[in-house]
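Residue numbers (the numbering used here): 1 to 336.
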Ligand SMILES: NC(=O)c1ccc[n+]([C@@H]2O[C@H](COP(=O)([O-])OP(=O)(O)OC[C@H]3O[C@@H](n4cnc5c(N)ncnc54)[C@H](O)[C@@H]3O)[C@@H](O)[C@H]2O)c1
């Protein structure tokens, strides 16, 4: 505990805890979510509002899929921490805003610096207001270390593989320092290849699954960068389940100051992914292969034992089940 730990106090407004099950969260809290117009932010906001929580969304751009999420258009790199929100009753800050595409940040490293500034602005707002903080970090902090499965303590900043991974390591380091100096309660989640619902805005951000689905559906050729890549693909509902459990545990005071992998917990190759997509679409893909691009991780399978143990996280959707769900949603939206 750091020198300021005793100055920590609970926010005046706290969500109610159940009288019957002490420490168990009862709905009705307010979450400030940065990046609420993004894929994970949209899914998380909708899930929280559906159970009766209030969401205060912040993003640099409007939501492309729904108007239901209350969103203030703010650029976190351009405002001071005090300007993030004037609301009095925020129970948790979930910081998801970022430039989230690895290769894009290899080409534009200034966007990695923007990620660090975004994180500082949201984090320092949380510190000034004594609000528990959740950070959307990434498996990229591990670098390309080729472990059979990767547990949380394998992270080491000297393996920073790309400007994006450096920006997530910097964000994590700042959060750990705030936990230690100011007693700020936090959770850091390391996500991995999240796919499904609200990820089809390909003009803004090319993600491999919706991109391949669209191209294969149109009989267009696809290029797989890194035939040997094995990744841990996470269906978005599993990711959201983990974050919601984390919010409840953090706000309820049961779990804090932990760094947790959130993924499905098994590896699939890009070739597996292309085969499942092609089967679901009834197509024969036109595939060519190129080496993995600079900065890309080529093997990652998360050890999710910590998430299971601390949060009761229980992912439900293997890639073979998630891809058909994602494809159904792409059909409903007219993408294919
Ligand atoms: N989706 C994944 O597979 C994955 C994997 C690992 C980590 N993450 C991390 O999780 C978080 C959410 O990911 P996502 O897939 O929803 O990304 P996303 O790009 O869909 O959403 C990020 C949102 O942040 C917003 N944003 C960017 N800069 C901003 C700024 N300066 N001010 C305000 N808003 C800003 C963007 O407009 C966007 O809507 C990101 O931090 C990402 O790095 C995602």
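Note that CB positions come from ideal geometry on N, CA and C, so glycine has one too. Since we're looking at a predicted model, the values are computed, not measured.
- Contact check between the segment 99-114 and the segment 159-177: three or more CB pairs, one atom from each, fall below 8 Å, which counts as touching.
- Cβ-Cβ distances below 8 Å link residue 82 to 125, 128 in the same chain, with the five nearest sequence neighbours on each side left out; the list follows chain order.
- Under a 10 Å Cβ-count criterion, residue 86 is classified as exposed, with fewer than 16 other Cβ atoms of the shown protein chains found around its own Cβ.
- Less than 8 Å separates the beta-carbon of residue 45 from that of residue 69.
- For residue 152, the CB contacts under 8 Å within the same chain, skipping 5 residues up- and downstream, are 190, 259, 260, 261, 303, 306 in chain order.
- For residue 325, the enclosing alpha helix (DSSP H) starts and ends at 319-332.
- Distances between the C-beta of residue 60 and the heavy atoms of ligand 1 include at least one below 7 Å.
- Within the DSSP bridge table, the entry for residue 148 names no partner.
- Secondary-structure assignment with DSSP links residue 95 through a beta bridge to 34, 135.
- Boundaries of the alpha helix (DSSP H) harbouring residue 105: 102-107, taken from the DSSP string.
- In the three-state reduction of the DSSP assignment, residue 289 falls in the strand class, which pools E and B.
- If you draw a straight line from the Cα of residue 132 to the Cα of residue 36, it is about 18 Å long.
- The beta carbons of residue 77 and residue 40 sit no closer together than 8 Å.
- Under the three-state reduction of DSSP, residue 299 is assigned to strand.
- Judged by DSSP in its simplified three-state form, residue 74 adopts coil rather than helix or strand.
- Counting along the chain, residue 271 sits inside no beta strand (DSSP E); it lies in the alpha helix (DSSP H) bounded by residues 270-281.
- Sequence-distant partners of residue 295 (beyond 5 residues in either direction) whose C-beta falls short of 6 Å from its own C-beta, in its chain, are 102, 106, 161, 162.
- Per the coordinates, the alpha-carbon of residue 121 lies some 24 Å from the alpha-carbon of residue 242.
- Collapsing the DSSP output to three states places residue 240 in a helix.
- The alpha-carbon separation between residue 30 and residue 55 amounts to approximately 6 Å.
- If you check the C-beta of residue 40 against ligand 1, you find a heavy atom less than 7 Å away.
- Look at residue 37: its beta carbon is less than 7 Å from one of the heavy atoms in ligand 1.
- Sorting 147, 316, 93 by C-alpha distance to the C-alpha of residue 236 places 316 at the top.
- The beta carbon of residue 157 sits closer than 7 Å to those of 169, all from its chain and outside the five residues before and after it, given in chain order.
- Per DSSP, residue 208 lies in no beta strand (DSSP E); the unbroken alpha helix (DSSP H) holding it starts and ends at 208-217.
- Distance from the Cα of residue 194 is smallest, within the candidate group 187, 232, 188, 212, for 232.
- The alpha carbon of residue 246 has as its nearest neighbour, out of 38, 94, 53, 89, the alpha carbon of 94.
- CA-CA distance, residue 32 to residue 50, rounds to 16 Å.
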